[in-house]
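Heads up: the sequence lines are chains A and B, in that order.
Position one of the first sequence corresponds to residue 698 (my numbering), numbered consecutively onward.
Position one of the second sequence corresponds to residue -8 (my numbering), numbered consecutively onward.
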Amino acid sequence: MSTSSITPNTSTSSPTAEPTMKSWNPQSMPTTNDKLSIRARDLNLWYGDFQALQDVNIDIRKGIITGLIGPSGCGKTTLLRCFNRINERYENVKTTGDIEILDKNIYDNDVATRQLRRRIGMVFQRPNPLPISIYDNVLFGANIHKTHKQLTRSERNDVVQQALEQVALWDTVKDKLKTRATTLTLEQQQKLCIARLIPLKPDVILMDEPCSALDAEGIEQVEGLIESLRDDYTVVIVTHNMAQARRATDECIFMLMGEIIEHSSTADMFLNPREEKTEMYIQGRYG
Amino acid sequence: MSKPDTNNPFAITVNEVRGRNVERLVRFITLGMTWALILPVFFILGFLLIKAWPALSVGFIFDNPEKNMTAGGIWGPLIGTFMLIIVSLLIAAPIGILAGVYLNEFARDNWFTRFINLAVVNLAGVPSIVHGLFGLGAFVYFFQMQRSLLAASCTVAVMTLPVIITSTKEALASVPQPFRVACWNMGASKWQTIRTIVLPNSISGILTGVILQVARAAGETAPILFTGAMISSRIADSGWAAMVPYGLEDRFMALSYHLYIISTQWQNVPESFKFGTAIVMIGLVIAVNSFSIGFRIYLRSRKKW
């Protein structure tokens, strides 16, 4: 039995309820698509007695890149892990509240977490390709979900090629698809970690500081790759790097001590932050 | 030391000199203890080899004991111990490995898991003669296996399980956690993760641990003393019947028990036979260990990271 328990809170999911983020003005958003991808309501999370998330309410829009920023320990990674419910694999976690993804509350009883994780991909701080060949890495997700079982060998090869082309890795590795993925450079490994999500046709890609293990050139390449994922996928990036948040995101969410302080377009966040705490953090006064 | 050189800001002081001397002393003592550790090994092996020399021959290994063990060789006991190792492995490996997988991969940290772990640690400390008595009560009488190769193998398996479980857990724990996290986040179940990633990358360590433990335990006398070992049995001298002389329900000869008998219970056995038996026993354990180390090197070379 899982020790985490979910208490859906329906009182705030009424469509007429006033948005709780007063500081966020949707009209100022620079995007074309107004559909929501992720919608969290009154999300609270505890690790044992420690409350890591407090009354989190956010609306993350579809097809854009949203940054999660804030000092260490503010709950960014914890929030990210709620979106694919991977928190439940860690012990002693208790969650209350709702998260709707694609208009479905992912904490409902009829949600299969394995299907959820298939549709919500995750990329990590430290590239973690599996200790198998590059080819098998790309097809790993497809194999465990048996989605590509009927495909012929050449169709599988196409899937691998498309995924690697999308992350601009195909030309580098096409002649060594059978070598093990752990021999690649860190930046190639990170690209591969993104490529292996693509055959699963995810809707959302969550990234937990995807560039912090990379050098400047690697960062540039991976950021370019993330940029190219916009429109096809909803991307949520946790980052410690203010410059990166500014460069690579459309909207930013600033968190502090497990609470959402401010959610606005990246331009607004960095040029006219509404909250004093945000302004001080962005200026590097703390954190 | 002379008086401090005022021009040298990094000049050596009395403190450093003392530290350097202590360092030399510690190094000397630890090196001495290392020699104290390995010298007896060479001494024992050399002593055994010299004493056993007159008996050692191809016939000593491949012939059966004759004339009340005063002539012939030790093939019967040798193949008995070998079969004991194989059957014990077949029993202990699946149970120990699967239990280790549960404890390392599935078990949550609760009172039950802690209780099991405590039990495993304590079981590892139970003396082998107690295991022998347990085997007599449980397998020989309760499960009515009689005194047999099967009963003795079960006893050896039970005796080695705690250590096998511990070494399996260690081998599994050495697989980096990010591999598991990567699988889970793509929607893999725990079993899919274990089957496709964790086991293939830890199987070399697991098998080495299992083989080493069983080979060590099969060299002991106590667990087989009441459960299946016999002083002498007439087995074929050649052909298939000599290669696999004992059935699962037969009693069998074993090196450790044979050595005990010819050293303490039998008259007129040439001294070289006793030492020869000891040498062959050590040789068997070394051979099995070398096999498992070679096997590990082979699996490691195929390892994927």
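For every residue, glycine included, the Cβ atom is placed at its ideal position computed from N, Cα and C.
All figures in this text were calculated on a predicted structure; none of them were measured in a lab.
Thinking C-beta only, is residue j closer than 9 Å to residue i?
| i | j | result |
| --- | --- | --- |
| A:M952 | A:I766 | yes |
| B:R293 | B:T199 | no |
| B:G87 | B:I155 | yes |
| A:S830 | A:A878 | yes |
| A:L776 | A:L799 | no |
| B:N322 | B:T61 | An answer regarding residue 322 of chain B cannot be provided, because it is not within the stretch -8 to 296 covered by chain B. |
| B:L203 | B:S283 | yes |
| B:A83 | B:V189 | no |
| A:G981 | A:C771 | no |
| B:I222 | B:I197 | no |
| B:P214 | B:S119 | yes |
| B:T159 | B:G91 | yes |
| A:F966 | A:I979 | Here residue 966 of chain A is Met; the residue named in the question, Phe, does not match the sequence. For A:M966 and A:I979, yes; Cβs fall inside 9 Å. |
| B:F217 | B:L114 | no |
| B:T255 | B:V205 | no |
| B:L140 | B:G238 | yes |
| A:N741 | A:D752 | yes |
| A:Y832 | A:V857 | yes |
Sorted by chain position, which residues of the same chain lie with C-beta nearer than 7 Å to residue i's C-beta, five sequence neighbours on each side aside?
| i | result |
| --- | --- |
| A:N781 | L813, R814, I817, M819 and L903 |
| A:G760 | N730, R927, D928 and T931 |
| B:A148 | S79, I82 and A83 |
| B:F133 | none |
| A:P723 | Confidence is the limiting factor: at A:P723 the pLDDT is only 45, short of 50, which leaves the residue's position unreliable and the question unanswerable from this model. |
| B:D300 | Given a span of -8 to 296 for chain B in the structure shown, any question on residue 300 of chain B remains unanswerable. |
Within a Cβ cutoff of 6 Å, which residues of the same chain sit near residue i, ignoring the five residues on either side of it in sequence?
| i | result |
| --- | --- |
| B:A43 | S263, F266, G267 and I270 |
| A:E797 | R736 |
| A:L861 | W867 and A892 |
| B:T184 | R171 and C174 |
| B:V111 | P153 and I156 |
Going by beta carbon distance, what residues of the same chain come within less than 8 Å of residue i, once the five residues before and after it are set aside?
| i | result |
| --- | --- |
| A:E924 | I762 and A945 |
| A:T963 | G764, A942, R943, T946, D947, E948 and C949 |
| B:V93 | Note that residue 93 of chain B is Tyr in the sequence shown, not Val. So no residue of the chain qualifies. |
| B:T136 | Strictly speaking, residue 136 of chain B in this sequence is Met, with Thr absent from that position. Closer than 8 Å at Cβ, skipping near neighbours: F130, A142, C145 and E240. |
| A:K732 | R758, K759 and G760 |
| A:L897 | R815, R816, G818, G838, A839, H842 and T844 |
| A:S720 | Per-residue confidence for A:S720 stands at a pLDDT of 44, beneath the threshold of 50, marking its modelled position as unreliable; no derived number is given. |
| B:N108 | L94 |
| A:P727 | With a pLDDT of only 45 at A:P727, under 50, the local geometry of the prediction cannot be trusted, and the value read off the model is given with reservation. Only D947, S962 and A964 meet the Cβ criterion. |
| B:G123 | T146, A213, P214, I215, L216, F217 and T218 |
| A:I783 | R814 and M819 |
Could you tell me which residues DSSP pairs with residue i in its beta bridges?
| i | result |
| --- | --- |
| B:S254 | Looking at the DSSP assignment, B:S254 forms no beta bridge with any residue, so it has no partner. |
| A:M966 | Answer is none; A:M966 lacks a bridge partner. |
| A:K801 | A:I798 |
| A:T763 | A:V933 and A:E948 |
| A:E862 | Note: A:E862 sits in no beta bridge, so no partner. |
| B:P56 | B:G63 |
| A:W743 | A:Q748 and A:K791 |
| A:S830 | A:R877 |
| A:V820 | A:M904 |
| A:L957 | Sequence inspection shows Ile at residue 957 of chain A; the Leu mentioned does not correspond to that position. A:I957 is bridged to A:M952. |
What I want to know is whether the C-beta of residue i ends up closer than 8 Å to one or more non-hydrogen atoms of the ligand GDP.
| i | result |
| --- | --- |
| B:V205 | The ligand GDP is not among the ligands present in this structure, which contains no ligands whatsoever. |
- Give the residues from the stretch 169 to 186 of chain B that approach chain A closer than 8 Å (Cβ to any Cβ), ordered along the chain. From the stretch 169 to 186 of chain B, only P169, F170, V172, A173, C174, W175, N176, M177, G178, A179, S180 and Q183 have a Cβ closer than 8 Å to chain A.
- Message: Across the stretch 174 to 188 of chain B and the stretch 803 to 815 of chain A, are there enough close Cβ pairs to call them in contact, namely three or more that are closer than 8 Å?
- Response: Flag = yes, the stretch 174 to 188 of chain B and the stretch 803 to 815 of chain A touch.
- Query: Which residues, in order along the stretch 879 to 900 of chain A, keep a beta-carbon less than 8 Å from a beta-carbon of chain B?
  - Reply: Identification of residues in the stretch 879 to 900 of chain A having a C-beta nearer than 8 Å to some C-beta of chain B yields T879, C890, R893, L894 and L897, given in sequence order.
- Task: Could you please tell me which residues of the stretch 822 to 847 of chain A, in chain order, have their CB closer than 7 Å to any CB of chain B?
- Result: Sequence-ordered contacts of the stretch 822 to 847 of chain A with chain B read R823, N825, L827, P828, I829, F837, G838, I841 and H842 [C-beta pairs closer than 7 Å].
- Please list the residues of the stretch 84 to 113 of chain B that have a C-beta atom closer than 8 Å to any C-beta atom in chain A, keeping them in chain order. Within the stretch 84 to 113 of chain B, the qualifying residues are R99 and D100.
- For the stretch 245 to 257 of chain B and the stretch 71 to 84 of chain B, state whether three or more C-beta atom pairs, one from each stretch, are separated by less than 8 Å. Counting C-beta pairs with one atom in each stretch, the stretch 245 to 257 of chain B and the stretch 71 to 84 of chain B have three or more that are closer than 8 Å, which means they touch.
- Message: If contact is defined by three or more beta carbon pairs under 8 Å, each pair taking one atom from either stretch, is the stretch 819 to 830 of chain A in contact with the stretch 883 to 899 of chain A?
- Response: Touching, yes, given that three or more Cβ pairs across the two stretches are closer than 8 Å.
- Output, in sequence order along the chain, the residues in the stretch 765 to 798 of chain A whose CB is closer than 7 Å to any CB in chain B. In summary, the residues of the stretch 765 to 798 of chain A whose CB is separated from some CB of chain B by less than 7 Å are N781, I783, R786 and E788, in the order they occur in the chain.
- Task: Decide yes or no for the touch test of the stretch 205 to 212 of chain B against the stretch 24 to 31 of chain B: beta carbon pairs closer than 8 Å, at least 3 of them.
- Result: At 8 Å Cβ cutoff, the stretches do not touch.
- Query: Between the stretch 258 to 292 of chain B and chain A, which residues of the former have a C-beta closer than 8 Å to a C-beta of the latter?
  - Reply: Flagged: no residues at all.
- Task: Report the residues of the stretch 801 to 816 of chain A with a CB closer than 8 Å to any CB of chain B, ordered along the chain.
- Result: Hits within the stretch, in order: T810, R811, Q812, L813, R814 and R815.
- Query: Using Cβ-Cβ distances below 9 Å, what residues of the stretch 190 to 214 of chain B are close to chain A?
  - Reply: Taking 9 Å as the Cβ-Cβ cut-off against chain A, the residues of the stretch 190 to 214 of chain B that qualify are P191 and N192.
- Query: If you measure beta-carbon to beta-carbon, which residues of the stretch 237 to 257 of chain B are closer than 8 Å to chain A?
  - Reply: Within the stretch 237 to 257 of chain B, no residue qualifies.
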